[in-house]
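Going letter by letter, the sequence shown gives residues 3 to 76 in our numbering.
Note that beta-carbon positions come from the ideal geometry of N, C-alpha and C, so glycine has one too.
Here the structure comes first, spelled out in structure tokens, and everything after it is commentary.
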Amino acid sequence: MDFRNIITVEPGKCGGRPCIRGMRITVADVLSYLAAGMSAEQVLADFPYLTRDDILACLSWAADRERNVRVLPE
């Protein structure tokens, strides 16, 4: 999944946080719903303008961000 075609960042929208396709729903919102126990199907039912690819893009974005985290020695 190439999230770069779905996840957008615009300085004037949602405080510059990553959003889905320029809409005002953030990646963090979707990840929070999933982390709280909602299934992808439940998220899609609550937000009918989202697609399964949108959810997968959020997960892919999070995985990419995690892959790039580095802890520097003190």
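Under the DSSP definition of a beta bridge, which residues are partnered with C103? Beyond the ends of the chain as shown, which are 3 and 76, falls residue 103; an answer cannot be given.
Got a sec, what are the start and stop residues for the alpha helix (DSSP H) E43 sits in? Per DSSP, the unbroken alpha helix (DSSP H) holding E43 starts and ends at 42-48.
Quick one: what does DSSP say Y35 is sitting in, helix, strand or coil? Under the three-state reduction of DSSP, Y35 is assigned to helix.
Is there contact between the stretch 55-66 and the stretch 13-31, where contact requires at least three CB pairs shorter than 8 angstroms? These segments touch.
Around the C-beta of L52, are 16 or more other C-beta atoms found within 10 angstroms, so that it is buried, or is it exposed? L52 is buried by the Cβ-count criterion.
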